[in-house]
Amino acid sequence: GLVVMFWVTGFDILYACQDAEYDQRSGLKSIPARFGIKGALTIAKVLHFLMWILALGMSFWVPELSLGLIFRLALAVVGVLLIYEHSVVSERSMDRMQLAFFKLNSIISLVMLLAGSVDSWLR
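Counting in the working numbering, the sequence shown runs from 547 upward without gaps.
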């Protein structure tokens with residue numbers, strides 16, 4: 547639950563950065579409106595880091611999930627994808643948000659689903 551919550555909240559904050567100016571003008575209480583785009587991007591990075599750390603921790607400390615080497619290797623790929631996701635979106639440019647939000651998160655979800663399923667099936 548927490549892994550998904552941190553991941554979804556992180557990418558939702560990224561996506562909300564596109565509307566930061568509108569949110570501020572309209573008095574909306576979004577994270578980008580409250581903390582600015584730079585602060586929102588930092589919060590999203592922290593949330594994604596927490597997601598990654600929790601997923602890694604689950605693979606070691608929750609044996610009922612049967613997550614092992616395959617899942618951990620997939621998490622390395624997910625970590626690289628998250629770093630790339632945050633590198634394509636910046637305070638100055640939201641031009642590549644479609645790549646970051648839709649494509650990369652779709653790939654991340656597939657990698658985690660497939661790796662977790664295969665790892666559990668093989669154990």
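Ideal Cβ positions, reconstructed from N, Cα and C, are used throughout, including at glycine.
Since I believe residue j is in contact with residue i (beta carbons under 8 Å), could you give me their beta-carbon distance rounded to a whole number of angstroms?
i, j, result
"Ala-620", "Leu-560", "Rounded, the Cβ-Cβ distance is 21 Å, inconsistent with contact."
"Ile-589", "Glu-637", "The Cβ separation is near 13 Å, so there is no contact."
"Gly-614", "Arg-669", "6 Å"
"Leu-593", "Val-635", "14 Å between Cβ atoms; not a contact."
"Ile-616", "Val-550", "The Cβ separation is near 19 Å, so there is no contact."
In the DSSP assignment, find the alpha helix (DSSP H) that holds residue i and state where it starts and stops.
i, result
"Phe-552", "548–562"
"Glu-637", "Per DSSP, Glu-637 belongs to no alpha helix (DSSP H) and is neither H nor E."
"Asn-584", "A small fix is needed here, since residue 584 is Lys in this sequence, not Asn. Run containing Lys-584: 577–607, per the alpha helix (DSSP H) assignment."
"Ala-661", "651–668"
"Glu-567", "566–572"
Name the residue from the options whose alpha carbon lies nearest to the alpha carbon of residue i.
i, options, result
"Ala-579", "Val-592, Lys-591, Leu-593 and Gln-564", "Gln-564"
"Phe-648", "Ser-639, Glu-631, Ala-661 and Ser-663", "Glu-631"
"Gly-662", "Leu-611, Phe-552 and Ser-576", "Leu-611"
"Ile-548", "Glu-567, Ser-576, Gly-556 and Leu-600", "Here residue 548 is Leu; the residue named in the question, Ile, does not match the sequence. Ranking the options by Cα distance to Leu-548, first place goes to Leu-600."
"Phe-595", "Asp-569, Ala-566, Leu-627 and Ile-577", "Leu-627"
"Thr-555", "Ser-576, Asp-569 and Glu-567", "Ser-576"
- prompt: Are the stretch 560–574 and the stretch 603–613 in contact at 8 Å, needing three or more beta carbon pairs?
  reply: no
- request: State whether the stretch 620–631 contacts the stretch 648–659, with contact taken as three or more CB pairs (one from each stretch) at a distance under 8 Å.
  value: yes
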